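Protein chains in written order, with our numbering: chain D, 39 to 115; chain X, 92 to 239.
Virtual Cβ for every residue (Gly too), placed ideally from N, Cα, C.
None of these values were measured; they are calculated from a predicted model.
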């Protein structure tokens with residue numbers, strides 16, 4: 039299976055795309071997944087991460103079939 | 092509980108009337124209705140703002156709005172709650188968000204409405220991109236603390 043990575047808002051502009059599909063690689067956490075998919079772009083300090091639409095810490099392990107989203111602080115309302 | 096994401100202009104008063112038609116089971120029990128309506132300003136951070144685009148994360152946004160409402164229902168004695176939020180292209184004076192809370196007593200309605208709105212601002216995945224009068228665009232970097 040694979041991992042779906044999604045980018046939103048200013049982060050989508052920064053990486054130049056809205057999503058990636060990566061082959062699953064066991065043992066990667068969310069931060070490491072970012073580095074694999076964006077080797078030339080440092081993850082901004084204040085970025086938020088969600089796995090399968092739940093907020094998680096960057097240290098959370100990614101599982102096969104997960105949807106991982108990276109986005110800046112929210113600004114709705 | 093009602094959650095509605097609108098990709099187009101909405102009338103908060105019409106949304107309230109529509110939702111209240113579904114509250115007949117609570118007829119006679121509602122003693123307090125508290126509403127918050129957020130509208131778009133034509134200024135921000137010292138600049139004139141001409142328009143705005145609101146992005147969201149379909150699925151996650153609705154999920155977390157639901158969790159916020161459930162948190163309010165767990166904390167206060169509420170009869171019903173409603174959130175309507177705009178996405179897409181927005182103009183100054185347009186409503187952005189409606190939060191409404193129905194309860195038997197005013198304390199629950201006041202406090203729960205504030206709780207829902209502040210948590211929405213802090214946790215619900217929406218992002219604003221402003222179009223300035225000079226035609227430059229910029230992402231809003233963060234929401235202010237409503238209690239500060």
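Test: residue i CB closer than 8 Å to a CB of chain D
| i | result |
| --- | --- |
| residue 211 of chain X | yes |
| residue 135 of chain X | no |
| residue 201 of chain X | no |
| residue 195 of chain X | no |
| residue 143 of chain X | no |
| residue 164 of chain X | no |
| residue 146 of chain X | yes |
| residue 187 of chain X | yes |
| residue 131 of chain X | no |
| residue 110 of chain X | no |
| residue 92 of chain X | no |
In DSSP terms, what residue i is bridged to
| i | result |
| --- | --- |
| residue 94 of chain D | D/87 |
| residue 176 of chain X | X/96, X/188 |
| residue 113 of chain D | Answer is none; residue 113 of chain D lacks a bridge partner. |
| residue 134 of chain X | X/139 |
Residue i at chain X interface by Cβ criterion, 8 Å
| i | result |
| --- | --- |
| residue 112 of chain D | yes |
| residue 48 of chain D | yes |
| residue 198 of chain D | Not covered by the structure: residue 198 of chain D. The range shown for chain D is 39 to 115. |
| residue 108 of chain D | no |
| residue 103 of chain D | no |
| residue 88 of chain D | yes |
| residue 65 of chain D | no |
Residue j beta carbon less than 8 Å from that of residue i
| i | j | result |
| --- | --- | --- |
| residue 95 of chain X | residue 131 of chain X | no |
| residue 101 of chain X | residue 186 of chain X | yes |
| residue 161 of chain X | residue 195 of chain X | no |
| residue 206 of chain X | residue 165 of chain X | no |
_I want to know whether the segment 152 to 161 of chain X touches the segment 212 to 219 of chain X - three or more CB-CB distances under 8 Å._
yes
*Could you please tell me which residues of the segment 212 to 235 of chain X, in chain order, have their CB closer than 8 Å to any CB of chain D?*
212, 213, 214, 215, 216, 217, 218, 219, 220, 230, 231, 232, 233, 234
_Contact set between the segment 148 to 162 of chain X and chain D, restricted to residues whose Cβ is under 7 Å from the partner_ = 148, 150, 151, 154
*Contact between the segment 58 to 72 of chain D and the segment 88 to 98 of chain D: three or more CB pairs below 8 Å?*
yes
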